[in-house]
Every structure is written in structure tokens, then in C-alpha cells.
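Protein chains in written order, with this note's numbering: chain A, 44 to 523; chain B, 73 to 539.
Shown next as C-alpha cells:
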């Protein structure tokens, strides 16, 4: 019997060993993966008990944690909530965190490696662990101006950035919301608020339209085609392209027309300068045919299309469609069909042109500050890629200045400053048009890039809300 | 079987010392848990600590008089486990605003009192052998009770009965009565079972009629699974039977037959009963969103438990610093997840080592005792503790499907505490006889082991009574 008893003991030991092995696997090897699981709200719940760092704009907190009387000890508060909602996102018990509150969570909660030293000091001093503060590149005056330039009730986004550094000076979208409504600790109330906010047309509290909405670019996409044309070497300032009022699209009954009331009709053939100036559709369609889908796609990718990146909030990948028929390629060349861009992506195209073809990585975070406000780290400008040659960029800049001086973007002109720009109107089936202005100034030494899109507007309103707004924003930045 | 030497020393002073340490662990855990309260050293704390210490002391004193040579390690281990469990239940009470710890404390007192009573009533474990067949009947009654009008169905399992002031799981007690029956039956008939039967290759097959206990075991296990829908208890009962049959016969063939039978039964159960197949599915596909979000048989509980364990990591968050309250049944079925979260992998290693020691002491007792009945009973009960730990901890860590079982001595649950404390008393009784200086023969007031004498000439079993 004793031998069997010993064997039973061995079986018991084996079972305990298996359990110890499984525990080691879960608690040691898999612990990180489990902590990162989307269903795991523990870190969020634990963070709620911490004094989270602030999000700062020009030294002022736009999001901060203030002491509260409930079990979580701190309540997240958003100052100027609507103005910055799409940037900060919200920090919610029930629904997780979004935008900067999410991507900068480690820094804000104090878990980042950068804060190791502070944590050690806090450990020994017994002080409450406090997270780092995140200082943004945003200029509060420009942000406010951009906000004011989108009328309430109008859906649209404005991005203002420095082409040389990629620093974002303003990023505004309407409709906006009050993140305080979602940051409360009463889950029931928060869920009700979330439901109410979700029913606002054009608004999702989970998503920043300036970086995540994909909209049809219309004619501002012609900048990409023009860049591709110059880079290919097949086209230059002297190239003349046929400029029919309507271009036959092979294999279809339809044709691609030039804008009926525009100035395109003045010439039977157009060079690139004129085609951009009057935003003529038919020459660009033919350029795209000549270059081919691949060449246009590659140029778009050189500007950042097809790539998701982080600034540090997530930026959706802008799209240029593939395997196009000739009519679809013609439509795509003028930013219609399935071409979709984020407002930030169009700012990047202009920033690359402004910066001699070098695309800097867009950036929202200027610095991290320790709880004692000492700077822990500051961001450095980072080259994302070379989008085009400096020569091509300078040529394109010249033509864009002409667009503002003589063409469709005249309302953006500023006396004494050379402004480069391009307008666009994208037809969206089932609703009004998207009106665009993208551009930069001064043309010889660009300091500011502006990308404006107003969605679901008629042409007249759109024109009113884009180029003139760009002028005000550029003036405001240059007057600083 | 006299090859295991036991030094005949009382070791009660060692026990006293270990008890002080165990009480220190238990009471400080309780104190740390309450630190966030306004007044952690309130009267409730002192009352509970005082009563726990008093009960431990009483137990110790009873052992000094009634079972002087009993194993000195078992009681301190169990006090430590029970105390840590109480602290964790209280900690989850504080988070959830419940009062489970109070009733758990009450049940601890009742269970310890019952355990002391067993020690006082039974001078020698061999007296339990008289109850071999009574135990069988008692087991049947206990197992059928939940199916009677008294029974309650909670979360799909019908294993509780209403006893007026609360609920009770008769199955926990049936664990003991079944162990007594099997120990009695097998120790009486083992020689007969062993000698008969054909030999096929290396396997000595049993005679068909000797399969009766196997069939009883199978019926009970499958019955519990089908009628009470309790996978955990079913596995536990079957493991108990298998180990006892194996120890009685030393024949792997019996275990293989048993495993084949249960495999067939289990396979049929998976096909026929959704509660079993859902458990399996939520084990394998725990991280499938459909499985996670569904209403019945969701993997939510086990996944939350894993999150808790992961949150604890190597060192744990510290008592009171984690969020074990996020896991459903954190104070009962999932208490291992709660302990793992706050005490970390290191803390759980410590707890599991306590269980390993406890089981090893029980097995040591089985090796050391001289009678077959005691060997079977001690080994069966010890192995049950190990198996129960494996089933519940393996379930929590997703090693095996999660089944609703308590962690012995730790989980909230009166019936489980009561049953396990009675097991402790029985193990102590057997260890007393194992470690007592061998001057006494069969006890006056117990049945002489006549069958063993008769068969003793043929097998090594003879030594257990002559030693």
C-alpha cells in the first residue's frame, strides 16, 4: 500500500507543480499582455485613484485632476472643454480614455520610464505619486481664432502648423463636446451623456475629425498630382496640356467637366500654372492618365498617404484607391472618387511643399514636465520623409502663390505677404460639398501652414469659410 | 508497511510555536486589510482576533490531552490558511460593502468546534470503521438532499439545501462519508479483490463482480454531474474514489478502467449537457469576444480573474491595494485570483506551499499509520485536498476549465469550512495513531481487524496490525 500512497503523493505534487507553472505563466510571463488587453479596465480604475498630471497649453492646464470627495480621490476636470475636447479626449471610468488622455496615459499617470527617478523620490518621501504634465505645441490664441472661424452648427476642421518643425499650433473641429460630461464617476450619468452626445450629427466623442475623419479632398488633391507631374520629369512649367471643357471618359457615357463658371474656358490648352490657378479638371485628369495610377499613388505615399501614424494621437491613413479604371483615375486625379484624406494629411502635403519637399512629422506635444514642473524631456523636430525635390517644391510654391494672387484663392491674399494656396470643392453624394483651403505663408520663408475643410456646405458658403479664414489665421501667426 | 519510521515524540511545543506564527500571519493580514478604515483596531478586530486565538489555543489544548502525538504541523497550517482567507474575505467585504466575513468567521468557529468535537468523541480513527455502511447510506442521503424539495438551485447548480438560517452544501460532508465508506469497504475486501481476476499482459484485470465499488464511484460522479450540474464536485468525488481504489489495490489497471469509464461518461456529458460544453468552450475560447460577452457560459469571470492575477504580478499590489472586487465570486470560487492580485505570485507560492505541506503531512500520516483503513482514509482525504486545490486553482489560471469549487479553508462557504475542518480532525486522529509509541494493539473499544488477520498471512498487509 505504501508504494501506492507514495505514488498518490507524487500525483498530488505534480498537480501542485502544474498549478505553480500556470500561475507563473499568468502572473509573470503573460502579465503584461493581460494588462494591455482591451477588456482590462484595472489600470484605468487604479489610475483613477492617482493624481494624474495635467495637459498644458501655454502653461495653463486644459485638463487637470482636482481632489474629489469620492472613493477615487481625484476628479478629472477640463477647462475650456469644447475648445480642446478633440485633442484631450476624455478620461472616463466607464468608457476608457481617448486621444491624448489615452496615448499619454503612461506619462500622465506617472508610470512612464521617464518618471522613474521621481517615483523613487516619491516612494521614500511618502508623497502621493503624481504623474507628469504634458505640454502641447498649441498656441491658445490661434486655437481660439480657429475655433471662432468655424460657425457653430457648421461641421469642419482647421489645422494650423509650422512647416519647419511639424508643431501643430491649432487643431480644431466642430461639432465639439464637453469631455467633463464623460469624465464623471457616476457611470449611469456618463452613459446617458455619452448616448446623448453620440446622437449629435457629425460628432463622435471617440474620434478627432482633424486626424481621424476621412473626407474627399476635391481639388486640393491636385497639389499631389502636380507634385507627381514635376517629380516624374515628364512635365515642367512649359508643358501644355489640352484643356477641353469636358473630357470624354472612355467606356462611359459621362464626361469630366471643368467648373462651369470658372476661368478655365479662357484657354484651349493649359500649362500647370494655369490649370492650378483656375483649378481646371480636364488637364489634371489627362496628366494622371499619362503618369499612371502607380506614379500618383507613390507621390501620395511620399506625402504620408496609406500610413497610420501617431502625433502622438492616432492619425488615420489617408487613402488613394488602387486598380483604377481610366474614368476612376480621372476622377481620383481631382480628389473625387475614392480619394479620402484627413485634414491633417492635407496640412502635411502643404508643409512638405513649404519646407523644400521635406516632410516633418506633425507633433502635438512640446514637452513633458515632472510634477515639480521641471522639464523632463522636450520634443525635437523629426523628419518623416523627403516628399519631393526642393526644385519641384519651389516650382509648385510659385504656382500656388499665383493661385492666391490671380486664381481661385484670392480671398486668402495678404498685402505685403506672399501667400501660397489651393482651394478645393469636393462633391459628396447625398449631401453638400466639402470646401477646402490649404496653403502656407510667407512663400519665400514659410512659417505657417493652414488646412481648412468645411463639410456639407454650398459653394458660396464654403468659399466664405475657407480662404478668408486662412488669411486671418496666417495673419495671426505672422503677427506673433 | 513498517518501513516508515516515526519518532515517537509529542512535538506539541513545536505546534504551539507554529500556532503563534500562524496566528501572527492571520491577525496581521486582517489588520493590514482594515488599515484604510477610520479605526482599524476597533472592537470587531479585537473580538475576532481574540476568538481565533482562543479557538486555536483550545484546539491545541485538546490535542495535548486527546491526541498528544498528533502531527504538529497540520493545525498551524490550517489556522494560517483559514486566517488569510478570512482577511481576504473581509477585504472584499470592505470593497463591496458586504458582511460575508462575519458569517465566515462564525462558520470558522463552528467548524473548529465541530473539529474539536470529533477529536473528543473519537478516541481512535478506527472507530470510524464501524460506520462503513452507515456512511454509504449517509452519503446517498446527503447527495440526494439537494434534489429534494429542500434543495436550492444557484447559478444552475443544484448542490445547496436551505437550512433555515442559510444554505448548506451537503456534498461537502458527503466527501468525508464517502471516504469513510470506501476506506472501510476496500480495507475489508482488498485482499479478495486483489487475488481474483485475470492477468492480461502487465495488467491484472479485476473480476467483474469486484467492480462494484468502481460502479458506485462512477454512478455518484456522473449522477452529481447530471442531476446537480456540478462539474467540480463530480471530478472531486471521482478523484477520491480513484486514489482510494488505487491505494487499496496498487493496480494501475483499476485506475485505467476508472479513467476509461469517466472519459466515456464525460464525453457523453459534453455531448448531452450544454452546461458542460459551455464550460469547455469558455475555457478554450476564453478570449473570443462572443464567448466573453455572451450571457450563459461567459468567460467573463475567468478572464477577469486572469486580469487580477496579472495585475498582481510577481509581488502583488499589497493587501487592500488591488481591485479583486472586480472579479465575480472573488471571496469564494475566485479567492485565489484575489490573493494572487494582492499578494502576488510570491504570496501564492507561499500559500500553495502551505497546501503542499498540509497534503504531504496527510500522506505522511497515511504512510505512518499501521492499519489499512487509516491509510486509505488519510491518503484519500489528503489527496482530495490536493485535487480540490488543483481543480479550483487550475480553473482560475485557465489550466483546466473553471468549475465552481472552493479553495479549502480559504473560500467563503460554511459547508466547505466545516467539512475541511472535520477532515483535519480525522487526519490528526490518524496521525496520532501513526505517531503514538507502538505499545498498544487493537483498541478495546474498536472492532478488531479480523479480515486483516485472516488475509494477513498472504500479503504484506500483515505487518500493519502486528507492527
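Backbone N, C-alpha and C fix where the C-beta goes; we use that ideal spot for every residue, glycine too.
8 Å or more divides the Cβ of residue 153 of chain B from the Cβ of residue 132 of chain B.
Taken through DSSP and simplified to helix, strand or coil, residue 286 of chain B comes out as helix.
Comparing alpha carbon positions, the residue from A/489, A/316, A/123 and A/106 closest to residue 117 of chain A is A/106. Following the DSSP letters along the chain, one finds residue 464 of chain A inside the beta strand (DSSP E) bounded by residues 463-469. The residues 191, in chain order, have a CB closer than 6 Å to that of residue 138 of chain B in the same chain once the five nearest residues on each side in sequence are set aside. In the displayed model, residue 106 of chain B falls within a helix according to three-state DSSP.
Proximity of the stretch 510-521 of chain A to the stretch 103-122 of chain B falls short of the contact definition, fewer than three beta-carbon pairs being nearer than 8 Å. Here DSSP, grouped into helix, strand and coil, assigns residue 205 of chain A to coil. Per DSSP, residue 247 of chain B is one residue of the alpha helix (DSSP H) stretching across 242-267. Rounded to the nearest angstrom, the gap between the Cα atoms of residue 450 of chain A and residue 321 of chain A is 6 Å. Excluding the 5 residues flanking it on each side, residue 246 of chain B has same chain C-beta neighbours closer than 6 Å at 211, 214 and 215, in chain order. Residues of the same chain with a CB within less than 8 Å of the CB of residue 112 of chain B, apart from the 5 flanking positions on each side, are 103 and 106 in chain order. Note: residue 300 of chain A is bridge-paired with A/289 in the DSSP secondary-structure output.
Short of 8 Å from the beta carbon of residue 220 of chain B, and not among the five residues preceding or following it, lie these beta carbons of its own chain, in chain order: 233. Taking a C-beta distance under 8 Å as the contact criterion, residue 174 of chain A and residue 103 of chain A do not qualify as a contact pair. Here the alpha carbon of residue 158 of chain B sits roughly 8 Å from the alpha carbon of residue 484 of chain B. When secondary structure is reduced to three states using DSSP, residue 321 of chain A falls in the coil class, being assigned neither helix nor strand. For the C-beta of residue 385 of chain B, the chain A residues within less than 8 Å are, from N- to C-terminus, 70, 71 and 74. Within chain A, the residues placing a beta-carbon under 9 Å from that of residue 364 of chain B are 82, ordered along the chain. For residue 60 of chain A, the enclosing alpha helix (DSSP H) starts and ends at 45-67. For residue 362 of chain A against residue 257 of chain A, the beta-carbon gap comes to about 7 Å, under 8 Å, which counts as contact.
In the DSSP assignment, residue 224 of chain B is bridged to B/232. At a cut-off of 8 Å between beta-carbon atoms, residue 462 of chain B makes contact with chain A. At least one CB of chain B lies nearer than 8 Å to the CB of residue 58 of chain A. Residues of the same chain with a CB within less than 6 Å of the CB of residue 178 of chain B, apart from the 5 flanking positions on each side, do not exist. The C-beta distance from residue 403 of chain A to residue 206 of chain A rounds to 7 Å, short enough to fall under 8 Å.
Under the criterion of beta carbons closer than 8 Å, residue 493 of chain A and residue 481 of chain A qualify as touching, at roughly 7 Å. Assignment of beta-bridge partners to residue 177 of chain A by DSSP yields A/98 and A/411.
Taking CB atoms only, residue 481 of chain B has no neighbour in chain A less than 8 Å away. A distance below 8 Å between beta-carbons, with the five flanking residues on each side excluded, links residue 243 of chain A to the following residues of its chain, in chain order: 218 and 220. Contact between residue 225 of chain A and residue 252 of chain A is ruled out by a C-beta separation of about 17 Å, above the 8 Å threshold.
Of the residues A/346, A/211 and A/261, the one whose Cα lies closest to the Cα of residue 189 of chain A is A/211.
With a minimum length of 4 residues, the unbroken runs of alpha helix (DSSP H) contained wholly in the stretch 120-175 of chain B fall at 146-168. Rounded to whole angstroms, residue 484 of chain A and residue 440 of chain A show a C-alpha spacing of 10 Å. Contact check for residue 144 of chain B against residue 92 of chain B fails: the beta carbons are separated by 8 Å or more.
Of the candidates B/421, B/362, B/469 and B/249, the residue whose Cα lies closest to the Cα of residue 74 of chain A is B/469.
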